[in-house]
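**Student:**
Protein chains: 2
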Amino acid sequence: MGKQMTEMLKGTLEGIVLALLTGKPAYGYEITTLLRDQGFTDIAEGTVYALLVRIEQKGLVDVEKRPSEKGPPRKVYSLNTQGKQELEEFWRTWSFLAERIDQLHSTDRIEGEK
Amino acid sequence: MGKQMTEMLKGTLEGIVLALLTGKPAYGYEITTLLRDQGFTDIAEGTVYALLVRIEQKGLVDVEKRPSEKGPPRKVYSLNTQGKQELEEFWRTWSFLAERIDQLHSTDRIEGEK
DNA sequence: TACCAGTACATAGTATCGCTGAGTAGTGAA
DNA sequence: TTCACTACTCAGCGATACTATGTACTGGTA
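Line by line, the protein sequences are chains A and B.
Using the numbering used here, the letters of the first sequence map in sequence onto residues 626 to 739.
Using the numbering used here, the letters of the second sequence map in sequence onto residues 626 to 739.
Dropping the structure here:
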C-alpha cells in the first residue's frame with residue numbers, strides 16, 4: 626500500500642485488532658495472517674507485535690502462553706473488560722469520523738458533476 | 626476529543642482538507658473554521674497551517690496571496706490537477722479501509738448478540 | 001548431514017503527522 | 001489602551017506504523 630494507507634492505519638489498526646479479538650482469542654502470528662486475509666496484505670509483522678505489546682501494557686487484553694506444535698510458544702491475547710470498553714469508544718470515534726468523511730465524499734461527487 | 630481521534634485524523638485530515646478545497650478555494654483561517662463547523666471542534670489552528678504548508682510543498686495546491694480587510698493578508702489555496710489526483714487516491718484508500726472496518730463492526734455486533 | 005521453508009516472537013531506528021504553546025501583526029470596538 | 005477577532009508561523013513533543021534484522025523451534029528434502 627501507499628503512504629496514505631500507512632497514515633490512515635494510525636489509530637485505526639488498534640481498533641481493527643481489538644475487533645478481531647472480540648469473542649475469539651488469538652496470537653500474534655495468527656492476527657497477522659488474519660489481517661492479510663482481510664486485505665491488509667502489507668501490514669508488517671513487526672507492526673502487529675509492537676501493537677500487541679502496547680495494548681497489553683495498556684491493560685486491554687489478557688495474555689496466556691501456550692505451547693505450539695510448530696515453533697516457539699504462542700502468546701494468546703483475549704479482550705478483557707477494559708479492552709471491550711476501549712473498543713466501544715473506538716467504534717464511537719470511528720462512526721463520528723466516517724459519517725463526516727462520507728458526507729464530504731458525497732458532496733464532492735456532486736461538485737464534480739457540476 | 627480524545628487521543629483516539631487525534632491518531633485517527635492522521636492520514637485523514639489531509640484528505641478532508643483537500644475535499645473541502647474541491648471547487649472552492651479557501652484560506653487557512655477559513656478552513657479552520659470550516660472544520661470546526663463540520664464538528665471537528667478541537668482541531669488546533671497550528672495543525673491546519675502545518676498541513677497547508679505540507680500540501681503546498683507536495684505541489685497539491687496553488688497559492689495566491691490576497692489582502693484582507695481584517696488583519697494580515699490571506700493565503701488562498703486552490704486544488705490543482707495533482708491535488709485532485711491525490712484526492713481521488715484518498716477516496717480509494719478511504720473506501721477500502723472503511724469497507725473493511727464497517728464489516729468488522731457489523732460482525733462484532735453479531736458476536737455481541739450471541 | 002545440511003539446508004531451507006514455515007511458524008512465532010522481539011526490537012532498534014526512522015519518518016510522518018497532529019497537538020501544545022507561544023509569538024507576530026493587523027483591524028476595529030469598548 | 002485594552003480587548004477581541006482575524007490571519008499566519010514555528011519549535012518541540014508524543015504516538016504510531018514501517019524497515020530491517022535477529023532469535024528460536026519444527027519438519028521436509030536433497
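For each residue, glycine too, the CB sits at the ideal point set by N, CA and C.
(1) Rounded to the nearest angstrom, how far is the Cβ of Asn705 of chain A from that of Leu729 of chain A, given a contact under 8 Å?
(2) Using 8 Å as the limit for Cβ to Cβ distance, is Ile726 of chain A near chain B?
(3) Identify the continuous alpha helix (DSSP H) that holds Asp662 of chain A and give its terminal residues.
(4) Under a Cβ-count criterion, where at least 16 other Cβ atoms within 10 Å of its own Cβ denotes burial, should Gly640 of chain B be classed as buried or exposed?
(5) Can you list, in chain order, the residues of its chain with a C-beta nearer than 7 Å to that of Glu670 of chain B? Leave out the 5 residues immediately preceding and following it.
(6) Below 8 Å, how does it come out for the segment 645-657 of chain B and the segment 687-703 of chain B: are there three or more Cβ pairs, yes or no?
(7) Just to confirm the assignment, what range does the alpha helix (DSSP H) spanning Glu670 of chain B have?
(8) Pick from B:Gly636, B:Lys628, B:Gln629, B:Gly627: whose alpha carbon is nearest that of Glu714 of chain B?
(9) Taking the alpha carbon of Gln663 of chain A as the reference point, which residue from A:Val642, A:Asp733, A:Glu681, A:Glu711 has its own alpha carbon closest?
(10) If we call anything under 8 Å between Cβ atoms a contact, is Leu646 of chain B one with Tyr702 of chain B?
(11) Which chain A residues are close to Leu682 of chain B, counting only those with a beta carbon under 9 Å from its beta carbon?
(12) Kindly indicate which residue of B:Asp733, B:Phe721, B:Asp727 has the alpha-carbon position closest to the one of Met633 of chain A.
(13) Quick one: list the residues of chain A neighbouring Asp775 of chain B, beta-carbon separation under 7 Å, in chain order.
(14) Which residue comes first and which comes last in the alpha helix (DSSP H) that contains Lys583 of chain B?
(15) Hey, is Glu655 of chain A's beta-carbon within less than 8 Å of any beta-carbon in chain B?
(16) Beta-carbon of Gly664 of chain A versus every beta-carbon of chain B: anything under 8 Å?
(17) Under the DSSP definition of a beta bridge, which residues are partnered with Ser703 of chain A?
(18) Kindly indicate if chain B contains any beta-carbon less than 8 Å away from that of Ile641 of chain A.
(19) Assuming Leu676 of chain B and Leu638 of chain B are in contact, meaning their beta carbons sit under 8 Å apart, how far apart are those beta carbons, in whole angstroms?
(20) By the DSSP assignment, the alpha helix (DSSP H) with Glu632 of chain A in it spans what residues?
(21) So, with DSSP's three-state summary, where would you put Thr647 of chain A?
(22) In or out: Thr666 of chain A buried (at least 16 other Cβ within 10 Å) or exposed?
**Tutor:** Answer, in terms of the structure:
(1) Not quite, the Cβ-Cβ distance comes to about 36 Å (not below 8 Å), so this is no contact.
(2) yes
(3) 653-662
(4) buried
(5) Thr657
(6) yes
(7) 670-682
(8) B:Gly636
(9) A:Val642
(10) yes
(11) The residue you asked about is not Leu; residue 682 of chain B is Gln in the sequence shown. Going along chain A, no residue has its Cβ under 9 Å from Gln682 of chain B, so there is no contact; the nearest lies around 14 Å.
(12) B:Phe721
(13) Here chain B covers residues 626 to 739 and nothing more, so residue 775 of chain B does not appear.
(14) Since the first residue of chain B shown is 626 and the last is 739, residue 583 of chain B is not available in this structure.
(15) no
(16) yes
(17) A:Asp687
(18) yes
(19) 6 Å
(20) 628-634
(21) coil
(22) exposed
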